[in-house]
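**Student:** Start counting at 1 in the sequence shown, then tack on 14, and there's your number in the working numbering. All C-beta atoms, glycine included, are put in the ideal place defined by N, C-alpha and C. The structure is given below, and queries will be raised subsequently.
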Amino acid sequence: MRTRNAIAYIFGTLLTGFGDKVLFIAAGIWVRELTGSNASAGLTFFFYIAPSMVVGPLAGLIVDRFPRRWVLITANALSTLSLLGLIGVHGASDVWRIYLVILIYGALATVSSAAGVGLRTTVFDPEQFGSVNGLLSTVSEGLRLVVPLIGAGLFVLAGAMAVITVDIGTYILAIGLFLFIRVEEQHEASTPQHWRVQALAGVRHIVAT
Numbered sequence: 015m016r017t018r019n020a021i022a023y024i025f026g027t028l029l030t031g032f033g034d035k036v037l038f039i040a041a042g043i044w045v046r047e048l049t050g051s052n053a054s055a056g057l058t059f060f061f062y063i064a065p066s067m068v069v070g071p072l073a074g075l076i077v078d079r080f081p082r083r084w085v086l087i088t089a090n091a092l093s094t095l096s097l098l099g100l101i102g103v104h105g106a107s108d109v110w111r112i113y114l115v116i117l118i119y120g121a122l123a124t125v126s127s128a129a130g131v132g133l134r135t136t137v138f139d140p141e142q143f144g145s146v147n148g149l150l151s152t153v154s155e156g157l158r159l160v161v162p163l164i165g166a167g168l169f170v171l172a173g174a175m176a177v178i179t180v181d182i183g184t185y186i187l188a189i190g191l192f193l194f195i196r197v198e199e200q201h202e203a204s205t206p207q208h209w210r211v212q213a214l215a216g217v218r219h220i221v222a223t
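Now the structure itself:
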């Protein structure tokens, strides 16, 4: 926490995590309120998590081909814009819009997570990785216990638009912090391979080891 890059990275990462968790539970409650169906509310969580299974391997390809800081900033900016699609949702007939936004939001979260982890290796020295990972994991799991309650309470007291506004605000602040990061990213030269070969490289490594 002694450099501008470290401070901007850590607080930007925690802000996006806070916004994600606020929206995550509130969206499910919102769908439950609009439809009266627990199953429909459960689908909200499915649509958020499902993209990681498809987008995850492809996110690595994107992160390897472009500057990670700008991938992170772009993914967060697109997440912010996607939330605008929730404005004007009023009834059960609009629930599909919540599902669509959450699906896009989950896919972009997967990309930003990959970019964030990749950028971490540039912002911090190798001997700091353990401490940084421990700090972010500890705070993130702590937020997992508290923030859903905040999101649910905010939804009950002020409504869905208040939750959306808070989430947009956290993303805008995070983008501002990521813009303060100054790093020189160097991509190692590699033998050109088909994108499918590269996308499945992680699976092959796990099976082989």
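(1) So is V85 buried or exposed if we call it buried at 16+ other beta carbons inside 10 Å?
(2) Enumerate in chain order the residues of its own chain whose CB-to-CB distance from D181 is below 7 angstroms, with the five nearest sequence positions on each side excluded.
(3) Mark A53 as exposed unless 16 or more other C-beta atoms lie within 10 angstroms of its C-beta, in which case mark it buried.
(4) Give me, in chain order, the residues of the same chain whose beta-carbon lies closer than 7 angstroms to that of P65; leave out the 5 immediate sequence neighbours on both sides.
(5) What residues in its chain sit with their C-beta under 8 angstroms from that of I87, if we drop five residues either side in the sequence?
(6) Fully enclosed by the region 92 to 141, which alpha helix (DSSP H) runs are 4 residues long or longer?
(7) So, is N147 buried or exposed, given that buried needs 16 or more other C-beta atoms within 10 angstroms?
(8) Mark G42 as exposed unless 16 or more other C-beta atoms lie within 10 angstroms of its C-beta, in which case mark it buried.
(9) So for E155, helix, strand or coil by DSSP?
(10) Cβ of V153 within 8 angstroms of Cβ of G165?
(11) For T184 and L29, which I take to be in contact (beta-carbon distance under 8 angstroms), what is that distance rounded to the nearest angstrom?
(12) Please report the Cβ distance between W44 and I112, rounded to the nearest whole angstrom; I am assuming they are in contact, meaning their Cβ atoms lie under 8 angstroms.
(13) Grouping DSSP H, G and I as helix and E and B as strand, with all else coil, what is R79?
**Tutor:** Once the coordinates are examined:
(1) buried
(2) Within the same chain, Cβ atoms closer than 7 angstroms to the Cβ of D181 are found at G33, V36, L37, L97, the five residues on either side in sequence being excluded.
(3) It counts as exposed.
(4) L117, G120, A121, T124
(5) I189, F192, L193
(6) 109 to 137
(7) exposed
(8) buried
(9) Three-state DSSP puts E155 in a helix.
(10) no
(11) About 5 angstroms; that satisfies the 8 angstroms criterion.
(12) 7 angstroms
(13) helix
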